[in-house]
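Chemist: Positions -18 to -1, 1 to 414 (mature numbering (1 follows the signal peptide of the UniProt record, and there is no 0)) are the ones given, in order, by the sequence shown.
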Amino acid sequence: MGRLGALLLLLGALGALADICNIPEVDSSLVQSLGQRLLPWMDQLSLEHLNPSIYVGLRLSSVEASTKEAFYLHSLKVDYQQSLLRHAPSDDNSDLQAKPSMGQLALYMLALKANCEFIGGHKGDRLVSLLKRFLEDEKRAIGHDHKGQPHTSYYQYGLSILALCVHQKRVHDSVVGKLLYAVEHDHHLHQGHLSVDTVAVAGLAFTCLERSSLNSDLRHRITLAIRTAQEKVLKAQTPEGYFGNVYSTPLALQLLMTSPMPGAELGTACLNARAALLASLQDGAFQNALMISQLLPVLNHKSYVDLISPDCLAPRVTLEPATVTPSLMQVPEFIHVMLKVPSVWPPYRHSISVPAGSSLEEVLMKAQELGGFMYGTQASLSGPYLTSVMGKEVGEREFWQLIRAPDTPLQQGIADYRPKDGETIELRLVTW
């Protein structure tokens, strides 16, 4: 056998040993139904509600929102640029909380690249500089000994590196090194547990760096970190097939689809995850815009890494608004939800009556309307989250956990979870 034959044999053997994450196509009507759920969100055009992830998800999917999509990107540009102008770096009195967060800026940069726009000029340079300054601040918060924590999260840290990478903007090796160390030493925990979302985003950032040949001095560590991230995600698969939980599975699949792995478990794991996602969709999961926007690319065999060289001319099916079948006037059915807060004194416990189909947020609003209960929230791209209950504000490394009795943590937020009649929902202050 000649050298060429031996080489082909070796490559064939390696290919047989490597397994890929292939997601078979799903019914196109299911994809269109998911896309239709995003259309009402695209009518909410205030900075508080604008979500660049919606645009990214649609551009990487097989469906499009036609003129509404273009107008949504225009609204993103206007509001984000105006926000950046209002809070110039030299304005020491600016309200930092009013700025788009580091994660929001990263998603905005991904949205621009999803439209095949490369960042440049004065406005673009300023955006890049701001995101790099965010990363430098987070790097200092983590510390040279890696004993600190980022002010935001390693999720936003990794997303920011990924956003700069797809625009071919290099960050300092020391910034990438903090994320590498976090993955190498399990510093990517969220609320005391493995955060599959964070590991997946870090892996996508590393994959982009590897493919773009950025930070070449770290190439060996980056390659190993990609494999480590993939292995952590695989180990987090539940008996039902999810990676972590149903809502972290899309980002996990984005990572697993980007690179083959040795062994035969990857393909099977991805097929099991696909089956679990389809079952959850049939059960009414994925009503949240952020989660839908992370799932749509997976169903089109795409990931955020594809934004390195996006195909902006790929044909996509135009979405039409979902038709609503008119129903006869009916008296709304009411349900009773027991709401309890044992973390305050005196403890709160009351039965709240709301129309069937109400969200947990509507339960909280009704409880506050009745008196004796109060709460506060903060807006985020994944929806409002609790910041205070009965006047008790969350402190450092604290959060209000949503528990369905007897002891099941909810995977959805207050705007998405819809309690059933007779359920008991506990708001529990947790330190991690």
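Glycine included, each C-beta is placed from N, C-alpha and C at the ideal position.
Reducing DSSP to helix, strand and coil, say where E405 ends up.
Modeler: In this structure, E405 counts as coil in the three-state DSSP scheme.
Chemist: Report the option in A397, P391 and Q86 whose CA atom is closest to the CA atom of E408.
Modeler: For the residues A397, P391 and Q86, the minimum Cα distance to E408 belongs to P391.
Chemist: Buried or exposed: L186, going by 16 or more other Cβ atoms within 10 Å of its Cβ?
Modeler: It counts as buried.
Chemist: Among Q350, K322, Q86 and G339, which has the Cα closest to the Cα of L411?
Modeler: Here the closest residue by C-alpha is K322.
Chemist: Would a C-beta distance cut-off of 7 Å place E120 and Y137 closer than the cut-off?
Modeler: No; because the gap between Cβ atoms is not below 7 Å, this pair is not in contact.
Chemist: In whole angstroms, give me the CA-to-CA distance for E30 and L58.
Modeler: Their backbone Cα atoms lie some 11 Å apart in a straight line.
Chemist: So what's Q212 in DSSP terms, helix, strand or just coil?
Modeler: Note: Q212 maps to helix in three-state DSSP.
Chemist: Quick one, which of Q360, C147, V336 and S135 has its alpha-carbon nearest E351's?
Modeler: The option with the nearest alpha carbon to E351 is V336.
Chemist: Mind pulling the alpha helix (DSSP H) runs of 4 or more residues that sit fully within the region 59 to 147?
Modeler: The region 59 to 147 contains these whole alpha helix (DSSP H) runs: 84 to 96 and 103 to 124.
Chemist: To the nearest angstrom, report how far apart Q212 and V38 are at their CA atoms.
Modeler: Whole-angstrom Cα-Cα distance: 23 Å.
Chemist: Would you call P401 buried or exposed, if buried means 16 or more other Cβ atoms sit within 10 Å of its Cβ?
Modeler: Buried: at least 16 other Cβ atoms inside 10 Å.
Chemist: So the alpha helix (DSSP H) Y357 belongs to, where does it begin and stop?
Modeler: Run containing Y357: none in the alpha helix (DSSP H); it sits in the beta strand (DSSP E), Y357 to Q360.
Chemist: If we require 4 or more residues per run, which alpha helix (DSSP H) segments fall completely within the region 318 to 394?
Modeler: The region 318 to 394 contains these whole alpha helix (DSSP H) runs: 342 to 352.
Chemist: At which residues does the alpha helix (DSSP H) containing C3 begin and terminate?
Modeler: Note, C3: premise wrong, no alpha helix (DSSP H); not H, not E.
Chemist: Since V215 and V181 should fall inside the 8 Å C-beta cutoff, what is the C-beta to C-beta distance between them, to a whole number of angstroms?
Modeler: So it is a contact: roughly 6 Å between Cβ atoms.
Chemist: Cα-Cα, which of A267, T220 and R298 is closest to S44?
Modeler: Residue R298 is the option with its Cα nearest to S44.
Chemist: Any chance the region 144 to 164 sits against the region 79 to 93, with 3 or more Cβ pairs inside 8 Å?
Modeler: Short answer: they touch.
Chemist: What span of residues does the alpha helix (DSSP H) with R41 cover, start to end?
Modeler: Note, R41: alpha helix (DSSP H), P34 to R41.
Chemist: Assign N4 to buried or exposed, taking buried as 16 or more other Cβ atoms, counted over all protein chains shown, within 10 Å of its Cβ.
Modeler: N4 should be labelled exposed.
Chemist: Answer yes if the region 214 to 232 comes into contact with the region 258 to 265, meaning at least three C-beta pairs across the two stretches below 8 Å, and no otherwise.
Modeler: Verdict: yes, contact present.
Chemist: If you count every other CB in all the chains shown that lies within 10 Å of the CB of D389, and 16 or more means buried, which is it?
Modeler: Its Cβ having fewer than 16 others within 10 Å, D389 is exposed.
Chemist: Straight-line CA distance for D155 to P34?
Modeler: Computed Cα separation, rounded: 27 Å.
Chemist: Determine which residues share a DSSP beta bridge with E46 and list them.
Modeler: Looking at the DSSP assignment, E46 forms a beta bridge with T300.
Chemist: Based on DSSP bridge pairs, tell me the residues matched to residue 439.
Modeler: The structure shown does not extend to residue 439, since the chain is modelled only from -18 to 414, so the question has no answer here.
Chemist: Select from E344, D398 and F381 the residue whose C-alpha is nearest the C-alpha of T413.
Modeler: Minimum Cα distance to T413 is reached at F381.
Chemist: For Q219, write down the residues that DSSP places opposite it in a beta bridge.
Modeler: For Q219, which the question treats as bridged, DSSP gives the partners F225.
Chemist: By alpha-carbon positions, which one of V157, D403, Q219 and F355 ends up nearest to S370?
Modeler: That would be F355, whose Cα lies nearest to the Cα of S370.
Chemist: Please tell me whether I124 and P132 are closer than 7 Å, where the distance is taken between their beta carbons.
Modeler: Taking 7 Å as the Cβ cut-off, I124 and P132 qualify as a contacting pair.
Chemist: Could you spell out the range, first to last residue, of the alpha helix (DSSP H) harbouring V287?
Modeler: Run containing V287: none; DSSP gives neither H nor E here.
Chemist: Between K217 and D168, what straight-line distance do the alpha-carbon atoms span, to the nearest angstrom?
Modeler: One C-alpha to the other measures close to 14 Å.
Chemist: Can you find the residues in the same chain that come closer than 7 Å, C-beta to C-beta, to E343, ignoring five residues on each side of it along the sequence?
Modeler: Taken in chain order, the residues that qualify are P366, I396 and A397.
Chemist: Among the candidates L67, F116, Y224 and P242, whose CA atom is the shortest distance from the CA of D179?
Modeler: Ranking L67, F116, Y224 and P242 by Cα distance to D179 puts Y224 first.
Chemist: When burial is assigned at 16 or more other CB atoms within 10 Å of the CB, is P324 buried or exposed?
Modeler: So P324 ends up on the exposed side.
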